[in-house]
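Have a look at the structure below, then the notes.
Chains as they are written, first to last, in the working numbering: chain V, 17 to 298; chain Z, 17 to 298.
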């Protein structure tokens, strides 16, 4: 596995691959990798000839009160996992190579980012869109894979790629869960044992909502109420939002339809977790 | 000369060229081509194996009170000129192929666009950055050529390309002038004979400022005053701004230095014209 820390070197490698007629796949990450990330690598490998993973903890997508400083890191462990997973190239740019002197460019995707996590994290998605654009320009992938746990992020990137004519295939990878249902996240490491246990209310609430749907419930208010009542049983979990939205536009819908997402965010102690599920009307 | 009106078709052509080891050059235009545009084509041809010109009158960069509706067009004439100039491919996307339903993505370059034309045209450069990003993603050029008449635009694109790691070489083409000094512009067609004559005060004022510099004047206020006094002799010309700025950052400088630009904008009747010159201290 070859490693690059400068966009120009990364680009040269990718251009060379393209001249050889190879398809390049990209899995962008912030490191501290778990099975969820590795499942995205697996998807990329199936859809491309050469797979690039990137690791960059992007300051631009963290708010001033957020966890940029303490975000968990494990470079040696990450390298070993990516190598074992068959990644061909690792792009791990330095901060100085990403945001040099006089940096001043940002990309905004409007409606898709306005609700849900965009309300509590106003600059978050601008930071995400911008850094992903930079990764796309450095890696020049034919296909890029993003986890569905960050579903609003996935929808934002899909919209940006379509709007800006990028011509990159964007693929979502299913949420990978711990055996007890908790969605895998690098931030789970922040949880105390009691919080870890309480956090199960999130996936449990989504499971109950899914069951209600399967039994014929299509009213968004009823579904959200179901989520709230399950989460309310855990005093350690404070629901930030639960919402039923169109899975492409991220705009609220009154009833479950063809492409509907139930998404939630919650504080568990000092840790902010998100989770979601697609809903299918019976 | 092959013509494309959809980004995916344009991209396929460019990807094919790259697989053959060819360098692709791009000259973005809004059509109604003059010698200035054709000089950019000439530069692109020298720096690339295959040259693409684009023609798209971009609604996103026009303000509500501006001249989008009456912007001059001449598709047949433009085609003939580009063909004669040796352009290999013309990218002429339809409006629907550029801004489809649900379009919502914008790119902002902050400081470079804050002054000069950015003051009178607040959404202009956001529209320019965004459409140029789309052209870059559709054409995937190795080099792109922009006219120095729109110097702030050139500086904006340079900054965007550097910030977003695009890896595209951005080349500025010198201003091409009519024999009497007027900078060539598609908008010159709006001028009445009297306005056309009066507009010469602009290039004359820049010439006098350049002479003052050559004679040792380095004080920005004095240089701007020289411009104002020349333009003031023409009642048909209303100066919007004249400013001495750093040619990379577009920020005002007190004295002429290593990379200094004198830029101006003026209303000549109902037509808004811009012009500029680099200044060199004696």
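We put the beta carbon where it would ideally sit given N, CA and C, even for glycine.
When only Cα atoms are considered, residue 176 of chain V and residue 145 of chain V end up about 7 Å apart.
By the Cβ rule, the stretch 256-272 of chain Z counts as touching the stretch 118-133 of chain Z, because three or more pairs are nearer than 8 Å. Within the same chain, Cβ atoms closer than 6 Å to the Cβ of residue 66 of chain V are found at 33, 38, 40 and 104, the five residues on either side in sequence being excluded. Looking from the CA of residue 274 of chain Z, the closest CA among Z:124, Z:265, Z:253 and Z:297 belongs to Z:297. Going by beta carbons, residue 221 of chain Z and residue 243 of chain Z fall inside the 9 Å limit.
In the same chain as residue 252 of chain Z, and ignoring 5 residues on each side of it, the C-beta atoms closer than 7 Å to its own belong to 210, 211, 214, 284 and 285, in chain order. In this structure, residue 238 of chain Z lies near residue 228 of chain Z, with their beta-carbon atoms less than 9 Å apart.
DSSP lists Z:278 as the bridge partner or partners of residue 260 of chain Z. Any Cβ of chain Z closer than 9 Å to the Cβ of residue 120 of chain V would place that residue at the interface, and such an atom is present. From the listed residues V:295, V:113 and V:180, the smallest Cα separation to residue 178 of chain Z is found for V:113. Taken in chain order, the members of the stretch 144-165 of chain V whose beta-carbon sits within less than 7 Å of a beta-carbon on chain Z are 149, 150, 153 and 154. Unbroken beta strand (DSSP E) stretches of 3 residues or longer found wholly inside the stretch 25-81 of chain Z: 40-45 and 66-71, given in chain order.
Assigned with DSSP and collapsed to three states, residue 124 of chain Z falls in strand. The beta carbon of residue 99 of chain Z lies closer than 8 Å to those of 17 in the same chain, with the five residues before and after it left out.
In terms of beta-carbon proximity, residue 180 of chain V lines the interface with chain Z, with at least one pair separated by less than 9 Å. Flagged as an interface residue toward chain Z: residue 123 of chain V, by a C-beta distance shorter than 9 Å.
In this chain, the beta strand (DSSP E) harbouring residue 106 of chain Z covers 105-107. If you look at residue 217 of chain Z, you'll find it in the alpha helix (DSSP H) that goes 216-230. Identification of chain V residues near residue 44 of chain Z by a Cβ-Cβ cut-off of 7 Å yields none; the smallest Cβ-Cβ distance measures about 13 Å. For residue 152 of chain V and residue 118 of chain V, the gap between their C-alpha atoms comes out near 21 Å. Between the stretch 162-174 of chain Z and the stretch 45-57 of chain Z, the count of Cβ pairs shorter than 8 Å is three or higher; the stretches touch.
Here DSSP, grouped into helix, strand and coil, assigns residue 233 of chain Z to coil.
DSSP, reduced to helix, strand and coil, places residue 186 of chain V within a strand of the structure shown. At least one beta carbon of chain V lies nearer than 9 Å to the beta carbon of residue 116 of chain Z. In the three-state reduction of the DSSP assignment, residue 160 of chain V falls in the strand class. Within the same chain, 282 and 283 come within 7 Å of residue 254 of chain Z by CB-CB distance, once the 5 residues on both sides are set aside. For residue 153 of chain Z, the enclosing alpha helix (DSSP H) stretches over residues 140-155. Proximity of residue 127 of chain V to chain Z, defined by a Cβ-Cβ separation below 9 Å, is satisfied. Where residue 18 of chain V is concerned, the enclosing beta strand (DSSP E) starts and stops at 18-20.
In terms of beta-carbon proximity, residue 34 of chain V lines the interface with chain Z, with at least one pair separated by less than 9 Å.
In the DSSP assignment, residue 199 of chain Z is bridged to Z:193. Between the alpha carbons of residue 224 of chain Z and residue 203 of chain Z lies a gap of roughly 24 Å. Boundaries around residue 94 of chain V are those of the alpha helix (DSSP H), 91-100, since no beta strand (DSSP E) includes it.
When C-beta distances to chain Z are compared with 9 Å, every residue of the stretch 85-104 of chain V stays at or above that value. At a cut-off of 9 Å between beta carbons, residue 137 of chain Z makes no contact with chain V.
Residue pairing of residue 283 of chain Z in beta bridges, as defined by DSSP: Z:254 and Z:288.
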